[in-house]
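Encoded as structure tokens, the structure appears first; notes follow it.
Residue numbers (our numbering): 302 to 695.
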């Protein structure tokens, strides 16, 4: 990312030898008390989005208008607004602009079907906006992606720079062998309607995935939303503050390396192995429904910059998990519920390694309201496209 978006938070655990330190409004199933993990937001949310990120319509007064033609790539090498329309096959919109350039691609009723290449490929530039007009747009890649040298192109929209999706229209994405949308930097969605079908991840970013609005349907063979930076484990965060997400995932519904923070929105994970996974999971608001065959909400050590915590400060959560060795809430560290409505259906509702606290809110486990978190097995848990022979980019 171009600027530091995350502050490292370290949880201090205060162990008390007797239960005398517990107040009448706090219940814990251990003889220990945990200080609140953070004061306020885990992420510095004021730094995550720019004013332009939120603009749902483009200023087209100086725009260039381009109609796609089959077999002919479109190369954009200057900052500006480009309105794309038409129906074609074997076309890639390539952005290769200056490192400081901001490019806006406006989709105005465009359909692109490719065999082995992205519909949009951002090589260079500071930030690229993909904005839909009040129109239907379709991108599909039907085969195995062809690499660009050492770059493994594995998504219908593939960006090496910051990527923002917004607008007032619809974008349908289908990826037969790879991801739906990939950014090697930040990936943000602030508006628009999206249907993403991918054999691997639906939305993937190295540093950050942020969603503030929009209607997003994801059917992914792997993770629906995935954020992970192999070189810096303080990155790889996910922030959701609005919008409607309908998720079906072959693996995790939402998976971040460092922080997963939910401040709002409607999230419905109808199928997953693990519903929400990260190191520090903070839920402050929103309506969240999770069904998982393994753990519903799982905090496990993926980042050395954060303690392993599930913290619920608000919202309305419904979590159901499959039978067997599964947990609705599973933390290799601490579980803290301060407020909110939590409904759990599970053989094991809560499993932690360090501490579990119920300080407020309404928690229902298998139809019964509870006033303290029941101890489980105390084990913690959690589980923790290739290119072709030729390259059309050389």
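The C-beta atom is built at its ideal place from N, Cα and C for all residues, glycine as well.
The stretch 521-536 and the stretch 586-593 do not touch, with fewer than 3 CB-CB distances between them shorter than 8 Å.
Checking the DSSP bridge columns, you'll see residue 489 partnered with 465, 511. Of 604, 602, 567, the smallest CA-CA separation from residue 619 is found for 567. Ranked by Cα distance from residue 378, the first of 399, 448, 370 is 399. The C-alpha of residue 622 is placed about 12 Å away from the C-alpha of residue 644. The Cβ atoms of residue 520 and residue 545 lie no closer than 8 Å to each other. Per DSSP, the continuous beta strand (DSSP E) segment holding residue 366 begins and ends at 365-368. If you look at residue 378, you'll find it isn't in any beta strand (DSSP E); DSSP assigns it neither H nor E. Closest in alpha carbon position to residue 346, among 674, 641, 560, 661, is 560.
Beta-bridge pairing by DSSP links residue 655 to no other residue. In this model, residue 395 and residue 637 are separated by some 47 Å (Cα to Cα).
Separation of the CB atoms of residue 539 and residue 557 is rounded to 4 Å, and the pair is thereby assigned contact status at 8 Å. Non-local beta-carbon contacts of residue 650 in its own chain, meaning distances under 6 Å to residues more than five positions away in sequence, involve 629, 666 in chain order.
Per DSSP, the continuous beta strand (DSSP E) segment holding residue 432 begins and ends at 428-433. Going by DSSP, residue 357 is part of no beta strand (DSSP E) at all; its letter is neither H nor E. Residue 501: not part of any beta strand (DSSP E); DSSP gives it neither H nor E. The way I'd put it, the stretch 459-467 does touch the stretch 491-498; three or more beta-carbon pairs between them come closer than 8 Å. Following the DSSP letters along the chain, one finds residue 569 inside the beta strand (DSSP E) bounded by residues 567-572. Collapsing the DSSP output to three states places residue 496 in a strand. The three-state reading of DSSP puts residue 612 in strand, counting E and B together. For the pair residue 387 and residue 359, the Cα-to-Cα distance works out to about 19 Å.
For residue 631, the enclosing beta strand (DSSP E) has its first and last residue at 630-632.
Look at residue 346 here: in three-state DSSP terms it is helix. Relative to residue 654, the option among 616, 661, 608, 614 whose CA is nearest is 608.
In the structure shown, residue 639 falls within a coil segment according to DSSP collapsed to helix, strand and coil. Note on geometry: alpha-carbon atoms of residue 581 and residue 543 lie some 20 Å from one another.
C-alpha of residue 606 to C-alpha of residue 500: approximately 31 Å in a straight line.
Per DSSP, the unbroken beta strand (DSSP E) holding residue 670 starts and ends at 669-671.
DSSP places residue 600 in the uninterrupted beta strand (DSSP E) bounded by 598-600. Distance from the Cα of residue 642 is smallest, within the candidate group 657, 596, 584, 610, for 584. Cα atoms of residue 552 and residue 525: separation of roughly 8 Å, rounded to the nearest angstrom. Residue 473 sits in a strand when the DSSP states are folded into three classes. The C-beta distance from residue 480 to residue 463 rounds to 17 Å, too long to fall under 8 Å, and the pair is not in contact.
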